[in-house]
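First residue of the sequence shown: 1, per full-length UniProt numbering; consecutive thereafter. Every residue gets a Cβ at the ideal spot worked out from N, C-alpha and C, and that includes glycine. Heads up: the structure comes next, in structure tokens.
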Amino acid sequence: MNPVLHAAKLGVLRGWIEFKQMLKNPQEFGFNIIMTIVFLVVLYFQRNKTIEGNDMALAMFALPSLLGMLVVFGGFMGAATTLTFEREDGTLLRAKATPNGMVSYLISRIISVTTFSMVSVIMLLMPGLFLIKGLADTSWSGWLLLLLIFIIGILATLPWGAVVGSLVKSTASSFNLTMLPLGALTAISGIFYPITSLPDWLQVIGQIFPVYWLGLGMRAALLPETAVLAEIGESWRYFEMFGVLGIWTIAGFLIVPKILRRMARKESGSTMEKRKQEMMSRGY
1 MNPVLHAAKL GVLRGWIEFK QMLKNPQEFG FNIIMTIVFL VVLYFQRNKT
51 IEGNDMALAM FALPSLLGML VVFGGFMGAA TTLTFEREDG TLLRAKATPN
101 GMVSYLISRI ISVTTFSMVS VIMLLMPGLF LIKGLADTSW SGWLLLLLIF
151 IIGILATLPW GAVVGSLVKS TASSFNLTML PLGALTAISG IFYPITSLPD
201 WLQVIGQIFP VYWLGLGMRA ALLPETAVLA EIGESWRYFE MFGVLGIWTI
251 AGFLIVPKIL RRMARKESGS TMEKRKQEMM SRGY
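Structure follows, in structure tokens:
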């Protein structure tokens, strides 16, 4: 077998094993369960509230938007924090020292991040179908669009998470540089309430980033056609949606290989030991 293909196969296998290990890890999987419960409680209290100028329940609008947000958090934060942690514990150094090890490593990251993000989406979606009337009536084309949005969402965010994970010096820095900006973007991207309720300049900023477009895509997939009246221009804007997400995807995959190669060249036993000593001096 071709060495690169063999490495890719090992990467898929490793990614799947890591995914199963994450499901058994109370710390990692437990956080997802808690967040899902929090979101469901928010949706429960929104179920009888309607969007201004529209008789659609606010919870019906918010659930698909939250699914889009989960894709962003899963792809971006999942890649950033994992890459940073495994650079600190020597996993990346071992991959670098193995023939085609980086190929195997990167594929395993894609598999584990994608599968874990999919579980997060399903955990919120399944109870949401019973909580919010109307979502269960989604057509097969709507479910197909949801799957497509999920895939392109992961592709548009995972490379940028890897870039952040490659550039920061510690796991704590990685968390701060992902969680805080994503939280701010969520607030201006029409996740909990239509973006049209925000000032025009905030709407412009929100539309630059994937969070808004993934929320829009999920709403287009799951909501009835009348829900489009709450959107900008009363349109799902498929062309703009796939265009913006496509630009983030292409730019990410053009940039991330260069960043990762540069990071891998800098990795050595001495640099890893230096980071370990710095962590110990900070009391970690």
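The Cβ atoms of Ala79 and Val113 lie closer than 7 Å to each other. With fewer than three CB-CB distances shorter than 8 Å, the stretch 158-170 does not count as touching the stretch 17-32. Residue pairing from DSSP leaves Ala59 without any beta-bridge partner.
A direct Cα-Cα distance of roughly 22 Å separates Met69 from Ser139.
Around the beta carbon of Trp201, a 10 Å sphere encloses fewer than 16 other beta carbons of the protein chains shown; the residue is thus reported as exposed. Annotation: Ile259 to Asn48 spans about 48 Å, alpha carbon to alpha carbon. Around the C-beta of Thr249, 16 or more other C-beta atoms lie within 10 Å, and the residue is accordingly described as buried. Under the 10 Å beta carbon count, Tyr44 is surrounded by fewer than 16 other beta carbons and is classified as exposed. For Gly252 and Asp55, the gap between their C-alpha atoms comes out near 39 Å.
Excluding residues up to 5 positions away in sequence, Thr36, Phe39, Leu40, Leu63, Leu66, Leu67, Leu70 lie with their Cβ nearer than 8 Å to the Cβ of Leu124 in the same chain.
The way I'd put it, the stretch 164-180 doesn't touch the stretch 223-235; fewer than three beta-carbon pairs between them come closer than 8 Å.
Around the beta carbon of Ile188, 16 or more other beta carbons lie within 10 angstroms, which makes this residue buried.
With a cutoff of 7 Å on beta-carbon distance, Phe76 and Thr186 are scored as not near each other.
CA-to-CA, the gap between Thr82 and Arg237 works out to about 34 Å. The residue among Leu148, Pro210, Ser120, Ile152 with its C-alpha nearest the C-alpha of Asn32 is Ser120.
At the C-beta level, Gly243 and Ser108 stay beyond 7 Å of one another. One thing to note: Ser117 has its Cβ within 7 Å of the Cβ of Gly74.
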